[in-house]
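*Asks:* Residue 83 in full-length UniProt numbering sits at position 83 of the sequence shown; the count goes up by one each step and never skips.
Backbone N, C-alpha and C define an ideal beta-carbon position, used for all residues, glycine too.
This structure is a prediction, so every number in the text was calculated from the model and none was measured.
Once you've had a glance at the structure underneath, I'll fire off some questions.
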Amino acid sequence: MQSTTSLLRSLLLILFLASTSAASSSIDETCRSISASRPDIPTDFCVSTLTADPAAASSDHRGLALIATRLSATNATRTVARIQQLIDERDRQSTNSECLRVCLEVYSDAEDHLQDAAASVEAGKYRDAIALLSAALDSAENCEDAFGDEGISPSPMVAEDGSYEKLVELALAIVATLP
1 MQSTTSLLRS LLLILFLAST SAASSSIDET CRSISASRPD IPTDFCVSTL
51 TADPAAASSD HRGLALIATR LSATNATRTV ARIQQLIDER DRQSTNSECL
101 RVCLEVYSDA EDHLQDAAAS VEAGKYRDAI ALLSAALDSA ENCEDAFGDE
151 GISPSPMVAE DGSYEKLVEL ALAIVATLP
C-alpha cells in the first residue's frame with residue numbers, strides 16, 4: 001500500500017512539474033514570438049510583465065492575452081488616480097490643470113475600453129478586443145499631445161504615459177495573434 005501511495009505522489013509531482021513547465025514554455029514562446037514580430041516589445045519585458053500575475057503560470061495563449069489586457073486596465077486605473085492627484089495639487093486654473101483634465105478624460109475612456117476589451121477576449125471576440133485596445137492605446141499619446149500643444153515638455157505624465165503605452169502595446173500584440 002505504501003508503494004502505491006509513493007508511486008501516486010511521484011506521478012502527481014511529475015504531472016505538476018510538466019504542467020508548470022508547459023505553462024512557462026507558453027509564456028516564453030508567446031513572448032519570443034511577439035518580440036520577433038515587434039522588436040519594440042522586448043522578450044524580457046513581456047515575460048516579466050506576464051509573470052507578475054501568478055495566473056500566467058497556468059495560462060494558455062488566450063489566458064495570457066487576457067492577463068495583459070487586465071494589467072493594462074489596472075494601469076489605466078492607477079494612471080487616472082495619479083492624474084486626479086496632480087489636479088488636486090495644482091491651481092485648477094493653470095495650463096497644467098487644463099492639460100491634466102484632458103488626460104483624465106482620455107484615460108477614463110481608456111479604462112472603459114480596456115474593461116470591454118478584456119470581456120471581448122473572454123468571449124472570444126478578438127476583433128472587438130483589438131479595436132478596443134487600439135482605441136485605448138491612443139490615450140498616452142493624446143495626453144502627451146495636450147501638454148505638447150501648450151509647449152510643456154516634458155509633461156508631468158511622461159513616465160506614466162510610457163508605461164501605459166508599453167502595456168497596451170503588449171496586450172494588443174498578444175491579442176492580435178489569437179485566431
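State the CB to CB distance for the pair Q53 and I67, rounded to an integer number of angstroms; the pair is presumed to be in contact (CB under 8 Å).
*Replies:* Before going further, note that residue 53 is Asp rather than Gln in the sequence given. About 5 Å; that satisfies the 8 Å criterion.
*Asks:* Express the C-alpha separation of P156 and R92 in angstroms, rounding to a whole number.
*Replies:* R92 and P156: Cα-Cα distance of roughly 15 Å.
*Asks:* Given a threshold of 16 other Cβ atoms within 10 Å of its Cβ, counted over all protein chains shown, does R70 qualify as buried or as exposed?
*Replies:* So R70 ends up on the buried side.
*Asks:* At which residues does the alpha helix (DSSP H) containing A136 begin and terminate?
*Replies:* Looking at the DSSP string, the run of the alpha helix (DSSP H) that includes A136 is 126-148.
*Asks:* Given a cut-off of 8 Å, decide if V102 and R62 are closer than it, judged by their beta-carbon atoms.
*Replies:* The answer is no: Cβ separation not under 8 Å.
*Asks:* Determine the direct distance from the alpha carbon of T77 to that of E105, and round the result to whole angstroms.
*Replies:* Roughly 12 Å separates the two Cα atoms.
*Asks:* Can you tell me whether G63 is helix, strand or coil according to DSSP?
*Replies:* In this structure, G63 counts as helix in the three-state DSSP scheme.
*Asks:* For L178, which three-state DSSP category applies?
*Replies:* Three-state result, L178: coil.
*Asks:* In chain order, what residues of the same chain lie with their CB nearer than 7 Å to the CB of residue 219, ignoring the 5 residues before and after it?
*Replies:* Shown here, the chain extends from 1 to 179; a query on residue 219 therefore has no answer.
*Asks:* Determine the extent of the alpha helix (DSSP H) in which S120 is found, giving its start and end residues.
*Replies:* Its alpha helix (DSSP H) spans residues 95-122.
*Asks:* Identify the continuous alpha helix (DSSP H) that holds D44 and give its terminal residues.
*Replies:* Element bounds for D44: 43-51.
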